[in-house]
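Notes to accompany the following structure.
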Amino acid sequence: MSDSPFFRILIAIVPIMTATLYLAGLTYYEGFVGGYGVDPSLFSLASDTTLLYGFFSLGAIGLQPFNNIILIVLSLLLLIVLTAILSSDARVKAIQTKVASRLERHMPSKEVSGILDKGSTSYLYIAGTFLLVFLPFFIAVLSYQSGEKYANLNKDNFKNQTGKWVMLHSIGSITPIRGQQIACGKTHCAFWLGSEALILAHDRVEKVTAHVQTE
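Per my numbering: the sequence shown = residues 1036 to 1250.
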């Protein structure tokens, strides 16, 4: 099984896709928290949550203008996998042999064929390098921007008294504070108050009640 083309391709693709998904989730989260003026390093994310944010970024928000490009890339990857599976079948190999023998009489000379083979190989290397290097970079930039966009949308909803908000009861505050929860880490939580962010240690928070206002 480990010698099959499908297995080798799967081993090569899965780590790249996972790393890209993780990068998209991380940059999306940094853009979201940074959109409130808060340092994202104060609130670290678990790996599984980062991957989940990656799904949200790529599927729902981050790459809406580039859905066609992503669809084409995924289709090409699927085509490669299907080709690898079919190429390992004996019947498909027999058909390929028959087709190749019929095409040999129409093939160009060996010299021309060698040049064409080298050109196609170079093209594949260039295309592969572009996908591996530049596509994750663009995904990271777009994911960061989509995180900022979502933060601004939440701030607008809070200003218009719609969406999710909380009533924060904290030590040192006589009356509850209306805010919007941004993020929580191991020691601190951040809340948006409308014009600034408030960061409180866990031991300073007495109670938080969540509310949702649709209109």
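Backbone N, C-alpha and C define an ideal beta-carbon position, used for all residues, glycine too.
Check, Outcome
"Kindly list the residues whose CB is nearer than 7 Å to the CB of I1206, restricted to its own chain and excluding five residues on each side of it in sequence; keep chain order.", "R1239 and E1241"
"Nearest-angstrom Cα distance between A1193 and P1050?", "It should be noted that the sequence gives Phe, not Ala, for residue 1193. Taking the straight line from one Cα to the other gives about 39 Å."
"Just how far apart, CA to CA, sit D1191 and Y1064?", "18 Å"
"Considering just the uninterrupted stretch of the alpha helix (DSSP H) at G1089, what are its terminal residues?", "S1082 to F1091"
"By the 10 Å Cβ neighbour count, where 16 or more other Cβ atoms means buried, how is N1189 classified, buried or exposed?", "buried"
"Could you work out which residue in A1175, I1174, S1079 and L1058 is closest to G1268 when comparing CA atoms only?", "This structure gives no information on residue 1268, because the portion of the chain shown stretches from 1036 to 1250."
"Determine, using beta carbons only, whether Y1057 and L1087 come nearer to each other than 8 Å.", "no"
"Would you kindly report the start and end of the unbroken beta strand (DSSP E) that includes E1241?", "V1240 to Q1248"
"Starting from F1226, trace the beta strand (DSSP E) in both directions and tell me its first and last residue.", "H1223 to W1227"
"Is V1201 near A1245, with beta carbons less than 8 Å apart?", "yes"
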